[in-house]
Ligand SMILES: Cc1cc2nc3c(=O)[nH]c(=O)nc-3n(C[C@H](O)[C@H](O)[C@H](O)COP(=O)(O)O)c2cc1C
Ligand code: SF4
Ligand code: FES
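Residue numbers (UniProt numbering), protein chains in the order written: chain A, 1 to 460; chain B, 1 to 170; chain C, 1 to 905.
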């Protein structure tokens, strides 16, 4: 559209940004972001090459030992940044290769739709070649012949940047046949989605990639055994893959050292905060940085509000309390507190926010985004929404809270087909645990009393 | 990689014809995948780009081009939230209703949108200019509350910003 | 074999199964929805949760879905675990949230898996107090009714329809708690197997429309074990009757023939039984064009015997759609020398050849179930779905089963359905089909659109490649040679190659070619198979019985060598040109016709005797495997319609024979007739064993035809009399016309009229009657094979047709057609609605020569107008016409088609 654009468009246009100036970032300490420019422009190939770009591909492919790449990754213990924290190296070591196994696919999970999460967007919009380089290494290690970046449809800018970068890389011989004279061939296509959070679940993602309904697949078999079109496939998050080049270039020890003695998980993490804080944003910080440090970087709560609770890594993680702010945010520590690190992007809840209303909002999201495959999620979550709506309107009945307890328990891990419903259960379970009194206030009726119809049905 | 399958059936065509350019674009997509079905979402988007939505008769037409069943195509078309199986206005306003926006003024923004446009979710303004829909977290949480109009993401957006923002989409 | 521990007990199970299947096979009840024995597990519904423990020391364990867990050795589970039970109760509660609870008006009620599972889990209080979601339904054509509000989203319908049966128009639409299963647009479901949705759907979303119009609860239907009469597959069916009409056909589980599924011709084609124009009484007509007068039985028998006795020679014309018993009795009546099978000469020659090939090529004939294990198939000159319905479904499974082999390599068990589907997308076991036009299997097959002679030549060429000792085909064009090589390579590479051919093209050379391939393969692959498709329900049986051809019978009459004819359940006008039949019948002074349908032949009868259809009579049929199967009478027509005088043809014919001998027609029973038939025909000796005789009892009891809850029995005849008469006695079979008698599952038995077990009212109750779920009936699968491979020698056939030369004539290529291609089901209303509009398929050259285009109309003589369908690769010189469109048209007949001018077809 070339018409004169009202200024409002410019001023409110959203731009992904990192709240750390160039001066603060270096190759030694900020493997994910040190190349980013303060002006927020994408780092294109020339600049990327100037800043050590594709060095690790050169190195790994020259050495000619894919297994060494895997070993390196395993040793560095790069844990998946998509939310589950599974060791990427271990995952890669389980990919079927050799014998009469066909070469498979390397799939980058760029579906980023977890509420409260906005980190992959930054990497893709501003540093596409880092992702491409990570993917080449992943493909090399897993004997993948083709890669897809499964990008959510709304990330229009990411698609533009990635496609241009892929063209650049292909032009320069970093993609395509015989990469850098190594005999290894690999190429990448950007596949854009058409909505639906569940596409981020790795097996649902593969179904979606195949042009099907994004219902998850049963595991086993895992994608590494039978993934896209039944070929061995590896699915990794954008941030996970962006960690690979530095690990290969600098080694596992260096990577482990990045987090100092904060945690046994190595490396850095893109942490962030959203919600009513002064400066919501993103930072690359050592793994194991505490919530308090991150919140401080965000300038604390907006308008001097009180922090009531926070989600450590997206809507599908459990609520933590202010008292948890001093814990190192790594996978295991957060796990022990009845929550999960998830994506590591904090969502803060101010004191005056009703937990019932917030839970209603979260469950509306999960119910709406259920793929509809398995019963607890498909039919159980809408019931939680209705119960929460009733409680929110003071229309709750005695027994509703117990029913919510049971619904949360019945949507737990292992009981549903994929981790979507457990993701809905965890915040609900923790909210009911920590803030039960708020829910109790919504019970206005004895059990089984006739109701005026309709109870507000909402959008679910 | 994948080849479209040619089917010879006794069933005749049902009238709807894909625009030749769209058909070409769809066939182009097939190159990226092992199987033609994979181009299904792309195909729906291509048709949607032309018509604003995916008309009923486009379903069997896409099925024919891809050599897959119309049931599968409709299954995909109705699964994904960004494929519209009903007509929409010239511009689609996707307002993020997920947690970070919810915590930072979604309710007011949504209400302002409803007031401004005179329609609720799923509605299209009488001048066929805007359709209002909810969307999951736009990944713009540090700019919450956020919304998207066509291909443009905005955030943070206050109710006051709206009138002039919408002006940009005639 | 594996040992599993369930709630503290040890059991031996089949370790290749999942825990759900293994437990159900043990008789343990676990509720389930999305799993289906024929379709495997997907883990969607979460209903089958049990607690699984890691080992002996694990006392915590965790809940798992039993359908998704292997029944591996030393697995420890608890079904009774309280938490597992509570979770299962939650699942049903969720499923019922939006369910309309409309059981009283729902057609599934009383045989509903959802009802059964709801009771099993103990869910009986509704806690959900919010609004239900409601849906609109679709109009899905004449067979299937749609009520989406009842859906519990188990995904079975689409998995059956698309994944199992290859349909493409049904789908799952939407997401979250708003998944809609329907057609992409309103309209008739295209799959010829759509009817199975009524049994696959665990609730009342997809129900049988033919049943709706005359609805009866399952517990008020009277059933008998029956065999479908609509083609040569011999699928086992369970017809349900109420008030003297058949209300629905359900699948009757048979582990080797039809499993859980039927085709739509078999399921919905029964309407001819209920036609109001059926002959109910003997009729007599002095002049051919006179209105008939009805006769009492004795009068009729006396008059017929009287006139027959005065005839010089009586010809008996049998029927491949009638039982062996009836045909045998006809033969007894007229004498072997005067008996015709009622089958046209060329078809009969093909049938004899097929029997012979089945014995002599050295390949064995697999059961339909075994077909699914074959890893390469060549179909020579057949369209299996059109000519043998259900068989096509078996062949599809064979093609798909390549996935299982692939899965085995990387450890995916055969029941993990979606995983196998993912792994084996678009890879199939080779399925080659030589057939001129599109088939239902094309999506998993390679098809060669050839003319009949070319199909034969291709077959001979394949045989020669496999075994150079087989004759070589001269002047083979390079394309065909390549094709032959590809096919031969696939067959030779397979462990279990299968050759499928049959009588559809009525071509000796096609069959000989198939025989040569089979013979060539027999020398290499020990597990190869040969399947030969016959046309009608008892074509194989009649062929084994033998007799003169129909042409012979016509000649005998036309040429005055006989002056009387008795026609058994056969419309001769369907088989030979009308003129020829007219001529022959005109010469016969006496024309006795026994039938249950008012056919063109019956209209020419001087005497008609009202014959029983499969629903009112017993008898034996032989299917395409050579399996003799007994079908049993479902109801006694005279009970509710005392005026009716319907009897099995064999009973009529027995009475006539007695009359001729001036004996009193003493009563005769089925066992006697069957035994006599078996004795008279060495090839049929085994038929006695097809089912137990009338004296069979379980725990001293007869077998019940009616379920326990059968209601209103005492009032059924209230319009006739208020006193309840004794139910009719069945002297012919071990079944009782009542609910009295054995109907359980503890005692293994083959003949199960209806499947019911406590708590299991739906078709899933069959699982109680099988040795293992999805296996065989615990008393053995019914029927007995009569055709066996014989040791010995067959010489390769040398009857290779010459390459086609350009001719000016257009010949008829009659294409078997599932809907309309069968004489009796074509008289059923819903089938008529599914019959294709009359078409004639032509290639462009021939269309041009006739100066017609796609969509124009042509006629043959005074035939109805046929729409021209131009097909790119259709063979030149042939006009494709669906069977049943032009009765009496011979395969290969030269045609003179003429263009109609204007007007609607
Ligand atoms: C409902 C659901 C949504 C998910 N969405 C995403 C996503 O948007 N991006 C992502 O990287 N991982 C997502 N995941 C996690 C993926 O399933 C998977 O674990 C991840 O892509 C693996 O990559 P990693 O090991 O590099 O983290 C999601 C998981 C679930 C259950
Ligand atoms: S938990 Fe079940 S319904 Fe929910 S998204 Fe996963 S598979 Fe789909
Ligand atoms: S039967 Fe096991 S999950 Fe449905």
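Quick reminder that beta carbons are idealized off the backbone N, C-alpha and C, glycines included.
Predicted model, so just to flag it, every value in this text is computed and none were measured.
Item, Value
"Three-state secondary structure (DSSP) of residue 447(C)", "strand"
"For residue 576(C) and residue 554(C), believed in contact at Cβ under 8 angstroms, the rounded distance", "7 angstroms"
"Per-residue burial, residue 293(C) [other beta carbons within 10 Å of its own, 16 or more giving buried]", "exposed"
"Residue 445(C): contacting residues in chain A (beta-carbon distance under 9 angstroms)", "Going along chain A, no residue has its Cβ under 9 angstroms from residue 445(C), so there is no contact; the nearest lies around 20 angstroms."
"Closer than 7 angstroms at the beta carbon, the chain D residues around residue 349(A)", "Reference to chain D is not applicable here, since the protein chains of this structure are A, B and C."
"Any non-hydrogen atom of ligand 2 closer than 7 angstroms to residue 421(A) Cβ", "yes"
"Helix, strand or coil at residue 271(A) [DSSP, three-state]", "strand"
"Residues that residue 386(A) contacts on chain B, provided the C-beta gap is smaller than 9 angstroms", "Those within 9 angstroms of residue 386(A) in chain B number zero; the least Cβ separation is about 17 angstroms."
"Proximity test, Cβ basis, 8 angstroms: residue 79(B) and chain A", "yes"
"beta-carbon residue 228(C) near ligand 3 non-hydrogen atom, thresh 7 angstroms", "no"
"With 16 other Cβ atoms within 10 Å as the buried cut-off, status of residue 11(B)", "Bear in mind that a pLDDT of 35 at residue 11(B), under 50, signals an unreliable position, so the model cannot answer this."
"Distance CB(residue 883(C))-CB(residue 816(C)) smaller than 8 angstroms", "yes"
"Segments of 4+ residues assigned as alpha helix (DSSP H) that fall wholly inside the segment 444-524 of chain C", "452-466, 478-493 and 508-522"
"CB contact check: residue 17(B) to chain C, cutoff 8 angstroms", "no"
"Proximity to residue 51(A) [Cα-Cα], best of 26(A), 306(A), 59(A) and 35(A)", "35(A)"
"For residue 346(C), the nearest candidate out of 407(C), 162(C), 480(C) and 543(C) (CA to CA)", "543(C)"
"Sub-8 angstroms separation of residue 227(C) and residue 150(C) beta-carbons", "no"
"Residue 446(A) burial status per 10 Å Cβ neighbour count (16 or more: buried)", "exposed"
"Residues near residue 43(C) by beta carbon distance below 8 angstroms, same chain, minus five either side", "34, 65, 67 and 68"
"Residue 52(C), DSSP secondary structure in three states", "strand"
"3-residue-minimum beta strand (DSSP E) runs that sit fully inside the segment 163-227 of chain C, ordered along the chain", "170-173, 180-183 and 206-208"
"Sequence-distant residues of its chain with Cβ nearer than 8 angstroms to residue 359(C) (five each side left out)", "787, 788, 789 and 790"
"Inter-residue spacing [alpha-carbon to alpha-carbon] between residue 855(C) and residue 868(C)", "5 angstroms"
"N- and C-terminal bounds of the beta strand (DSSP E) containing residue 251(C)", "245-251"
"Cβ neighbour criterion (16 or more within 10 Å) applied to residue 158(B)", "exposed"
"Residue 105(A) beta carbon less than 8 angstroms from that of residue 148(A)", "yes"
"Any C-beta of chain C under 8 angstroms from that of residue 376(A)", "yes"
"Beta-carbon separation (whole angstroms), residue 237(B) vs residue 66(B), contact threshold 8 angstroms", "Residue 237(B) lies beyond the range of chain B shown here (1 to 170); nothing can be said about it."
"Chain A contact for residue 22(B) (CB, 8 angstroms cutoff)", "no"
"Minimum Cβ-Cβ distance from residue 130(C) to chain A less than 8 angstroms", "yes"
"Whether residue 440(C) touches residue 420(C) by CB criterion (8 angstroms)", "no"
"CA-to-CA distance, residue 498(C) to residue 581(C), given in whole angstroms", "39 angstroms"
"Cβ of residue 167(B) within 8 angstroms of any chain C Cβ", "no"
"Range covered by the alpha helix (DSSP H) that runs through residue 46(B)", "40-51"
"Identity of the residue in 218(A), 273(A), 283(A) and 363(A) nearest residue 325(A) by Cα", "273(A)"
"Start-end ranges of the alpha helix (DSSP H) lying completely within the segment 99-154 of chain A, minimum 4 residues", "120-126 and 128-142"
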